[in-house]
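Have a look at the structure below, then the notes.
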Ligand SMILES: Nc1ncnc2c1ncn2[C@@H]1O[C@H](COP(=O)(O)OP(=O)(O)OP(=O)(O)O)[C@@H](O)[C@H]1O
Ligand SMILES: [Mg+2]
């Protein structure tokens, strides 16, 4: 179920296929599997056409099919990808999908051509792929809302991350510039570099740690945002030595219950990594005081 597959299938789809996919999407607001009569209604096509399209979309592996207790269809990730890609292409944010930049546990990220042939990164959320971790990660923001499909949770995650990126970018935090979001997909600035975790040596580890903490401070004090899943895997170092912080769908607002505990954990993860790998020592309390604005300087 790769987005590359969706990008190539998408080109073979006709407008009637999209209308049926959209009909199934609408129907899924009230059905887990959408019966044919509802798809006919929502797609505004005649039943014969809908039957033909459903069979075709099922063979292309863009829909799930269930025959009991009644015949019904549901989108899968590939079908959902096609709807998002189509919307982003139509609105001019996406021209062509390229190569994978990172296949994460809960998302696939690709490079792509965006507006005017500019290179961008496109993140396809894939919640539920590894259910153990997804449950933990999404709990904070989808608690107490009953059953929700993974597609819906992925859309929610994309909306949340896009919102966080907008606020963080405005506050001057080093995050990818957000460009567009549709359904479970985000288009953002592409960051050339590698995850901090991939480095065995960096020229100035203290300066890098300081830059990370300065950005967390800005996120906290200006955007009122705590990352909540920070580690060496979500910090990218560019070839020029500067850093970017990525992967924000599980962020918390700083007044959220427990946000300070997450901030402590985030900073603890980073300090532990720098201590272990680069022998840079900094007390958690000093780092926390700096990030939360209780002190103006860092003693490293
Ligand atoms: N804007 C970007 N520019 C370049 N590469 C990116 C960008 N965003 C993400 N990536 C790459 O894709 C990988 C996965 O992205 P991200 O961490 O946001 O998703 P994830 O699914 O949460 O990953 P994981 O679950 O493994 O932490 C990143 O580690 C990074 O290598
Ligand atoms: Mg990540």
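In the working numbering, the protein residues as written are 450 to 749. Note that CB positions come from ideal geometry on N, CA and C, so glycine has one too. Keep in mind that this is a model prediction, so the values were computed, not measured.
query	result
C-beta contact flag for residue 740 and residue 617 at 8 Å	no
For residue 638, the three-state DSSP class (helix, strand or coil)	strand
Alpha helix (DSSP H) segment containing residue 607, residue limits	599 to 619
Any non-hydrogen atom of ligand 2 within 7 Å of residue 557 CB	no
Residue 458 to residue 531 span [Cα, whole Å]	8 Å
Alpha carbon of residue 594 to alpha carbon of residue 606, nearest angstrom	Any reading at residue 594 must be qualified, since the residue scores a pLDDT of 45, below 50, and its modelled position is unreliable; the value itself is stated next. In a straight line, the C-alpha of residue 594 is about 15 Å away from that of residue 606.
Pair within 8 Å by beta-carbon distance, residue 444 and residue 473	Nothing can be reported for residue 444, as the shown portion of the chain is limited to 450 through 749.
Limits of the unbroken alpha helix (DSSP H) element including residue 651	Segment: none, residue 651 is in no alpha helix (DSSP H) and carries neither H nor E.
Cβ contact check for the segment 688 to 702 and the segment 721 to 730: 3 or more pairs under 8 Å	no
Residue 683 CB to nearest heavy atom of ligand 1 below 7 Å	yes
Distance CB(residue 570)-CB(residue 622) smaller than 8 Å	no
Beta-ladder partner(s) of residue 521, from DSSP	484, 515
Rounded separation between residue 726 and residue 649 - CA only	7 Å
Simplified DSSP state of residue 559, which is helix, strand or coil	strand
Close beta carbons around residue 671, own chain, < 8 Å, minus the five adjacent residues each side	620, 621, 622
Contact belief for residue 632 with residue 711 at Cβ below 8 Å, rounded distance in angstroms	In fact, because the Cβ distance is near 27 Å, the residues do not count as touching under 8 Å.
Which residues DSSP lists as bridging residue 782, in chain order	Residue coverage of the chain in this structure runs from 450 to 749, which leaves residue 782 outside it and unanswerable.
Exposed unless 16 or more other CB atoms sit within 10 angstroms - verdict on residue 701	buried
Whole alpha helix (DSSP H) elements within the segment 659 to 689, 4-residue minimum	none
Closer than 7 Å: residue 553 CB and nearest ligand 2 heavy atom	yes
Alpha helix (DSSP H) segment containing residue 550, residue limits	Not the alpha helix (DSSP H): residue 550 falls in the beta strand (DSSP E), residues 545 to 552.
Residue 640: CB within 7 Å of a non-hydrogen atom of ligand 3	What this structure holds is ligand 1 and ligand 2, not ligand 3.
Nearest-angstrom beta carbon gap, residue 737 and residue 703 [assumed within contact, 8 Å]	Actually they do not touch by this definition, with Cβ atoms about 13 Å apart.
Three-state secondary structure (DSSP) of residue 579	coil
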